[in-house]
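Student:
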Amino acid sequence: MRSVPAGAGEPSAPAVAGEQSVSAGVAAGATFGSRLAAAMRVHGRLCVGLDPHPQLLTDWGLTQDAAGLREFSARVLEACTGRVGVLKPQVAFFERFGVSGMQVLSEVQHQARAAGLLVIADAKRGDIGSTMAGYAEAWLNPEADFGADALTVSPYLGFGSLQPAVEAAARHQAGLFVLGLTSNPEGQQVQLARDAQGVTVAGQIAAEAAAASAALTRAAGEDPGAAELGSIGLVVGATTARLAAEHRIDLRAGRMPLLAPGYGAQGADAQALRTGFGASYPSQVLVNSSRGVLRHGPDPVSLTRAIESATADLG
1 MRSVPAGAGE PSAPAVAGEQ SVSAGVAAGA TFGSRLAAAM RVHGRLCVGL DPHPQLLTDW
61 GLTQDAAGLR EFSARVLEAC TGRVGVLKPQ VAFFERFGVS GMQVLSEVQH QARAAGLLVI
121 ADAKRGDIGS TMAGYAEAWL NPEADFGADA LTVSPYLGFG SLQPAVEAAA RHQAGLFVLG
181 LTSNPEGQQV QLARDAQGVT VAGQIAAEAA AASAALTRAA GEDPGAAELG SIGLVVGATT
241 ARLAAEHRID LRAGRMPLLA PGYGAQGADA QALRTGFGAS YPSQVLVNSS RGVLRHGPDP
301 VSLTRAIESA TADLG
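The sequence shown begins at 1 in the numbering used here and counts up one residue at a time.
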């Protein structure tokens, strides 16, 4: 599935199977947490969400098919390369085009990693046993068609159901971002529900994710107390981070990376992020922006300026 897209302005061809994106100053084989920390040191905390929404394709003058998807992805990747450290493709917008769309996703993920970006596949996978293991191999094995540096996963079959993905992350030096305190209002009826001891579901997920992250760090031969970032993190919405303190959810435990969607188009600004995440913000928070950046395309100058402006704004 790794054919190189044709057309002007495309990024360089993907590396061979088994490639692993390596951030500046970090050796190949380093943990995902180490690679992410290095990427954030060099490029800042902005993660660009590759969301080829139907309206964006139209606004960019592109066709609603795999060809339009490929051109959109190539332009975004060109603007990101050398400016941001992390790209997060939203898998659903590729999957809607079937096999041809997933072909484009495979190409762009491998091209991004070959260009030195970390790739977080936003697929929100969640299942049990061998099925979860299958998903994990599909998305975390660097030799697989959809091999990424990290994967978003859902813990709502019980955190223990993610164990096959945790094991795959350990094998492949990959990462996981567990849905924790999401920005959609519907999520709160589940995530803020409390057990008999008064602990919220999100709080329990955060505690188990921190423990799993520390275990992965130790398994890699590192001291969890000395590591800059762990390899298992949480998805915490930019607009809901403030709820963590209100509900005694410890976001600092385990030095988990915190993936924060919702900056820009969804209503959160940089000051709200700093306030909401508090002490976690300086070293743990990776801020995703999709439409907030991509609406400035297709003009490449406007797009790169938007990326640079967001990077500076987030500090």
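For every residue, glycine included, the Cβ atom is placed at its ideal position computed from N, Cα and C.
#1: Does A312 pass the burial test, meaning 16 or more other C-beta atoms within 10 Å, or should it be called exposed?
#2: What residue does the alpha helix (DSSP H) around I128 start on, and which one ends it?
#3: For P257, is the classification buried or exposed, using 16 other Cβ atoms within 10 angstroms of its Cβ as the cut-off for buried?
#4: Assess contact between the region 67-82 and the region 102-117, defined as three or more Cβ pairs (one per stretch) separated by less than 8 Å. Is contact present?
#5: Which term fits G160, buried or exposed, when burial requires 16 or more other beta carbons within 10 angstroms of its beta carbon?
#6: Give me the Cβ distance between A133 and A168, rounded to the nearest whole Å; I'm assuming they're in contact under 8 Å.
#7: From which residue to which residue does the beta strand (DSSP E) around V153 run?
#8: So, under 8 Å CB-CB, V287 and L46 are touching, yes? Tell me the CB distance rounded to an integer number of Å.
#9: Is A6 helix, strand or coil when you go by DSSP?
#10: May I ask you to report which of helix, strand or coil DSSP gives R305?
#11: For a minimum of 3 consecutive residues, which ranges assigned as the beta strand (DSSP E) are wholly contained in the region 162-225?
#12: How big is the Cα-Cα spacing for R41 and V84?
#13: Please work out which residues of its chain come closer than 6 Å, Cβ to Cβ, to R242, disregarding the five sequence neighbours upstream and downstream, and give them in chain order.
#14: Using only the heavy atoms of the ligand FAD, determine whether one of them is closer than 7 Å to the beta carbon of G98.
#15: Could you pull the start and end residues of the alpha helix (DSSP H) that S280 belongs to?
#16: Pull up the DSSP beta-bridge partners for D299, would you.
#17: Below 8 Å between beta carbons: does that hold for R248 and S280?
#18: If you compare alpha carbons, which of A206, A270, N184, Y135 is closest to G315?
#19: Would you tell me roughly how many angstroms separate the C-alpha atoms of A244 and A67, rounded to the nearest one?
Tutor: With the given structure in hand:
#1: A312 sits exposed, since fewer than 16 C-beta atoms from the chains shown fall within 10 Å of its C-beta.
#2: I128 -> no alpha helix (DSSP H), and no H or E assigned at all.
#3: With 16 or more other Cβ atoms within 10 Å, it is buried.
#4: Segments in contact, yes.
#5: Flag for G160 reads exposed.
#6: Correct: roughly 7 Å between the Cβ atoms.
#7: Element bounds for V153: 150-153.
#8: Between V287 and L46 a beta carbon distance of about 6 Å is seen, short of the 8 Å cut, so the two are scored as contacting.
#9: Interpretation of A6 is limited by its pLDDT of 40, a score under 50 that renders its predicted location unreliable; the figure taken from the coordinates is listed afterwards. Coil, per DSSP.
#10: Secondary structure at R305: helix, using DSSP grouped into helix, strand and coil.
#11: The region 162-225 contains these whole beta strand (DSSP E) runs: 175-181.
#12: Spanning the alpha carbons of R41 and V84 requires a straight line of approximately 11 Å.
#13: The beta carbon of R242 is closer than 6 Å to those of G276 in its chain, skipping five residues each way along the sequence.
#14: Only the bare structure without any ligand can be found here, which leaves the ligand FAD out of the picture.
#15: Annotation for S280: no alpha helix (DSSP H) segment contains it, and DSSP assigns it neither H nor E.
#16: Under DSSP, D299 shares a beta bridge with no residue.
#17: Pairing R248 with S280 gives a Cβ-Cβ distance that is not under 8 Å.
#18: Ranked by Cα distance from G315, the options A206, A270, N184, Y135 are led by A270.
#19: For A244 and A67, the distance between alpha carbons rounds to 42 Å.
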